[in-house]
Amino acid sequence: MAGLSEAFEKNRERYLARLAEADLGAVSKTLGLETENGDLVLPFYNKRFTVTNRGFVDTAGQAPGYGQSVVLFQYILRCPEAPRFEPDWAAFKDFKKASHFTNVNFFHSDTEQAVERAFSGRVAALAEVGAALGGVPYETATRYDVSMKFQALPRIALLLLFNDADEEFPAKCTVLFERHAEHYLDPESLAMTSTWLARSLAGRAG
């Protein structure tokens, strides 16, 4: 654990050095972020973080944990010069840079399979905790037991599709991203974003 902590601190220091030089005014316009008392406000699912050139803190004044930190740093530092808008839904494996075997397997096991394990036989619980995390029902051409859209970050939404187990098939979960998400986050950060959702859903449901 000490090695992991040291590695994270070194990475965090590098991120902070880059954040100190970032043009947050330009970032705010591209990402559509609001300001509060002169600082940027960055929502991550149902949490709110204040962004300055010194870092991120939540409403309690606490810095985010490792996974959230990586996602938030990447989101601000990788901000494109202009907004990108491709709202059609895409699978993680279809992103150009996400074809690496480890990334795809990590996403599938820690996002989709994690939801399947936690909510097989518990459709009502998934709908309830999904709403508590900001998910809203989403109509699709194909019917699902649960179909919910989550706004992970400004300009990055996820779609969770879930069918419960029956006599013939096990529970099945599919998580899709708006296609333009790959212009705002790298594949690893996208996978961490969906993994955070899966773990939060399972945690809230006990």
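First residue of the sequence shown? That's 20 in the working numbering, and the numbers climb one at a time after it.
Glycine residues also receive a C-beta, built at the ideal position from the N, C-alpha and C atoms.
Asked                                                                                              : Found
Cutoff 7 Å; reference Phe104; Cβ partners in own chain excluding five residues on either side      : His199
Identity of the residues DSSP links to Lys168 by a beta bridge                                     : Val155 and Leu178
Cβ distance (whole Å) where Tyr85 is taken to contact Phe27 below 8 Å                              : 5 Å
Asp42 - partner residues in DSSP beta bridges                                                      : Per DSSP, none; premise fails for Asp42.
Opening and closing residue of the beta strand (DSSP E) in which Glu55 lies                        : Glu53 to Glu55
Reference Leu52; option with closest CA among Glu201, Ala39, Phe188 and Ile175                     : Ile175
Contact the region 199 to 210 vs the region 132 to 151: 3+ CB pairs below 8 Å                      : no
Cβ contact check for the region 181 to 198 and the region 126 to 137: 3 or more pairs under 8 Å    : yes
Own chain, CB closer than 7 Å to Met20, minus 5 neighbours either side, in chain order             : Residue confidence for Met20 is low, a pLDDT of 42 falling below 50, so the modelled location carries little weight and cannot support an answer.
Stretch pair the region 104 to 113 + the region 163 to 171: three plus CB contacts closer than 8 Å : no
Environment of Thr159 [buried if 16+ CB atoms lie within 10 Å]                                     : exposed
6 Å CB neighbourhood of Phe125 in its chain, flanking five on each side removed                    : Ala210
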